[in-house]
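To start, the structure itself, in structure tokens.
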Amino acid sequence: MQTLKINVIKRLLITLGVLLLVLVVIMIIISPFAKYYVEKHDVDLIGREVTIGWAYVNPLTGYVHLHDVKVYELQGDSVFVSAKGASANFALFKLLSRQVEIEHLSVDHPWGKIVQKKDSLNFDDVIDRLDGNESDTARQIVRNDWHVTLLDTEIIGG
524 MQTLKINVIK RLLITLGVLL LVLVVIMIII SPFAKYYVEK HDVDLIGREV TIGWAYVNPL
584 TGYVHLHDVK VYELQGDSVF VSAKGASANF ALFKLLSRQV EIEHLSVDHP WGKIVQKKDS
644 LNFDDVIDRL DGNESDTARQ IVRNDWHVTL LDTEIIGG
């Protein structure tokens, strides 16, 4: 009987150790992966080239920080919008029901360039993409399934 209890405790400790190790590995890997994912799929996501200095993502709390963010002009090499940093707190459980709730968004020292050519602005393509006015109807259907809410915004030094 005593041996059975020791075996159960050993298995429980090994299981908890493995789960803790997996959690630590996820915490270490997710931030570089987030930076890679944003820079690799930037054109698919917002239609613009994006670079990030480094990223920090905490999957337990929903906190995301992007350092040295630069969004470039459409099919160009000049900077459209940049910031020293951008941080956000997400409500994680709402993601399961296809809702993105940003509880707090903070942008540190943003800089942007707005250019008007006749009746168009240099960010009209971003508005059309986010609004769902694209010609790709499959992309519109997927986008309409998500609901995005921004609750609190802070701009530092802008």
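Just add 523 to wherever you are in the sequence shown, counting from 1, and you've got our numbering.
Glycine is no exception: its CB is placed at the ideal position from the N, C-alpha and C atoms.
None of the values given here were measured: they were computed from a predicted structure.
Review point. Which one of Val604, Asn581 and Leu597 has the shortest CA to CA distance from Ser610?
Key: Asn581
Practice item. Just mark Lys641 as buried or exposed, buried being the case when its beta carbon has 16 or more other beta carbons within 10 Å. Key: Result: exposed.
Check your understanding: If we ignore side chains and look at the alpha-carbon of each, how far apart do Asn530 and Tyr579 end up?
Key -> 39 Å
Review point. Among the residues of its own chain, which have a CB less than 6 Å from the CB of Val592, if the five just before and after it don't count?
Key: Ile575, Ala606 and Ala609
Exercise for review: Would you kindly report the start and end of the unbroken beta strand (DSSP E) that includes Glu562?
Suggested key: Counting along the chain, Glu562 falls outside any beta strand (DSSP E), though it belongs to the alpha helix (DSSP H) covering Gln525 to Lys563.
Practice item. Tell me where the beta strand (DSSP E) around Lys636 begins and ends. Key: Counted as a single uninterrupted DSSP element, the stretch harbouring Lys636 is not any beta strand (DSSP E), since DSSP gives it neither H nor E.
Practice item. Would you kindly report the start and end of the unbroken beta strand (DSSP E) that includes Phe613? Key: Val602 to Phe613
Exercise for review: Please confirm whether Asp648 and Gly570 have their CB atoms less than 7 Å apart.
Suggested key: yes
Point to revise | Nearest-angstrom beta carbon gap, Glu626 and Asp675 [assumed within contact, 8 Å] | key: 7 Å
Review point. Tell me, which residues are paired with Leu673 by DSSP?
Key: DSSP, once it has assigned bridges, lists Ile625 as partnering Leu673.
**Study point:** Delimiting residues of the beta strand (DSSP E) encompassing Asn581
**Key:** Val573 to Asn581
Check your understanding: Taking the DSSP output, what are the residues bridged to Asp651?
Key -> Answer is none; Asp651 lacks a bridge partner.
Practice item. Taking 7 Å as the cut-off, decide whether the C-beta atoms of His564 and Gln622 are in contact. Key: Note that the C-beta distance between His564 and Gln622 is not below 7 Å.
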